[in-house]
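Visitor: Take 320 as the starting number for the sequence shown in my numbering and just add one per residue. All C-beta atoms, glycine included, are put in the ideal place defined by N, C-alpha and C.
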Amino acid sequence: MWQIIDYVICQLAFSYGFKEVKPAVVVDKLIEISLDFLTPGRGTGESNWLMRGWRSLERTADRASREIDIRSDLRNWDTQYSFMHHELVVRYAAGLITSSIAMTALRWIRPKRRKAR
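(1) Report back the beta-carbon spacing between residue 425 and residue 386 to the nearest angstrom; my notes put them in contact at under 8 Å.
(2) Taking only the alpha-carbon atoms, compute the straight-line gap between residue 367 and residue 376 and give it to the nearest angstrom.
(3) Mind checking residue 417: buried by the 16 CB within 10 Å criterion, or exposed?
(4) In its own chain, which residues sit with a C-beta less than 7 Å from the C-beta of residue 335, not counting the 5 before and 5 after it?
(5) Taking the Cβ atom as the reference point for each residue, do residue 328 and residue 421 lie within a distance shorter than 8 Å?
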């Protein structure tokens with residue numbers, strides 16, 4: 320009986336996560352995080368206001384060009400693998416995460432079976 324309940328609840332959780340996630344927001348946040356890692360931060364040689372301004376311009380331009388590259392790679396992915404669109408991948412991942420959370424919650428809430436002696 321518990322197996323059927325587990326199956327149904329996990330399927331409902333997957334469906335809910337798949338439907339409710341907004342892939343554009345998730346992709347934008349992932350791009351922002353990757354740009355934070357890929358774009359170098361402050362370096363040496365920023366002792367005066369001119370060099371700080373120049374470095375800030377370089378950093379902004381580098382960040383914008385990398386973002387364009389990442390988004391064009393996503394577009395290329397979508398054309399090359401049309402059956403697995405990047406937004407669909409995000410939806411599947413969200414569904415798997417919600418299903419896993421639901422299964423963990425069920426195991427935590429469900430009464431533990433005692434072994435017969």
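Guide: From the atom records:
(1) At roughly 40 Å, the Cβ-Cβ gap does not stay under 8 Å, so residue 425 and residue 386 are not in contact.
(2) 15 Å
(3) buried
(4) 417
(5) yes
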